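Under the numbering used here, read the sequence shown as residues 6 to 139, first letter to last.
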Amino acid sequence: MSLNQTFMGIVAYELKKRHITIPQAIVLDTIKDRAKTIGDISKAVDLSYSTVSGIIDRLERQELVERFRDVSDKRVVFVRMTEKCLAFHSTDPFMSPDFFQEIFKGMTKEEEDRIVDSLSILQNYLEEHVKLNV
6 MSLNQTFMGI
16 VAYELKKRHI
26 TIPQAIVLDT
36 IKDRAKTIGD
46 ISKAVDLSYS
56 TVSGIIDRLE
66 RQELVERFRD
76 VSDKRVVFVR
86 MTEKCLAFHS
96 TDPFMSPDFF
106 QEIFKGMTKE
116 EEDRIVDSLS
126 ILQNYLEEHV
136 KLNV
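Next comes the structure, spelled out in structure tokens:
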């Protein structure tokens, strides 16, 4: 199993316990700092408008997000996290920035240093040898 598969497995497992899919988590991450329109979310996550709208529908049923209209232009609809979601986001250990630090707390300093060194080598190699069309 690759490192990416292992990491995504951990993420999927933790999200499943919370009844959230990976696409739902990505959408929630997109609106964690401020409300956005479905069109803005769609562009940010590189998914179609209809796909994002469906994800928002499911998150609404779970009472994690809510839609509201712009006060100056009633045609514009924004999506934001609900109080329930914000409370969950601030208290759930998995949502904490320290979650992965907790996972790695059993590693020795030497093991951490080796990983950091290896990732630095990989990053430098990719920056020098791989041209990305971004």
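Don't be surprised by glycine CBs; every beta carbon is placed ideally from N, CA and C.
If you're wondering where the values come from, they're calculated on a predicted model, not measured in any experiment.
Which of the three DSSP states is assigned to residue i in this structure?
i, result
"Arg74", "strand"
"Gln106", "helix"
"Thr56", "helix"
"Lys37", "coil"
"Ile25", "coil"
"Leu69", "coil"
Would you tell me roughly how many angstroms separate the C-alpha atoms of residue i and residue j, rounded to the nearest one?
i, j, result
"Lys37", "Phe105", "19 Å"
"Lys95", "Val70", "Checking the sequence shown, residue 95 turns out to be Ser, not Lys. Rounded to the nearest angstrom, the two C-alpha atoms are 15 Å apart."
"Val32", "Thr42", "11 Å"
"Lys22", "Arg80", "36 Å"
"Phe83", "Ala40", "6 Å"
"Leu8", "Leu127", "14 Å"
"Lys114", "Ser125", "16 Å"
"Val121", "Val76", "48 Å"
Can you tell me which of the options puts its alpha carbon nearest to the alpha carbon of residue i?
i, options, result
"Arg85", "Phe99, Asp62 and Asp103", "Asp62"
"Ser58", "Ser47, Glu19 and Glu68", "Ser47"
"Phe93", "Phe12, Thr11 and Leu20", "Leu20"
"Pro98", "Gln10, Val16 and Phe12", "Val16"
In terms of residue numbering, what span does the beta strand (DSSP E) encompassing residue i cover?
i, result
"Glu83", "Going by the sequence as given, residue 83 is Phe instead of Glu. Segment Val82 to Met86, the beta strand (DSSP E) holding Phe83."
So, under 8 Å CB-CB, residue i and residue j are touching, yes? Tell me the CB distance rounded to an integer number of Å.
i, j, result
"Thr35", "Ala49", "5 Å"
"Glu116", "Lys89", "Not quite, the Cβ-Cβ distance comes to about 39 Å (not below 8 Å), so this is no contact."
"Arg74", "Glu65", "About 15 Å; that fails the 8 Å criterion."
Output the boundary residues of the alpha helix (DSSP H) element that contains residue i.
i, result
"Leu124", "Lys114 to His134"
"Phe12", "Leu8 to Lys22"
"Asp97", "No alpha helix (DSSP H) contains Asp97, which DSSP labels as neither H nor E."
"Asp45", "Ile43 to Val50"
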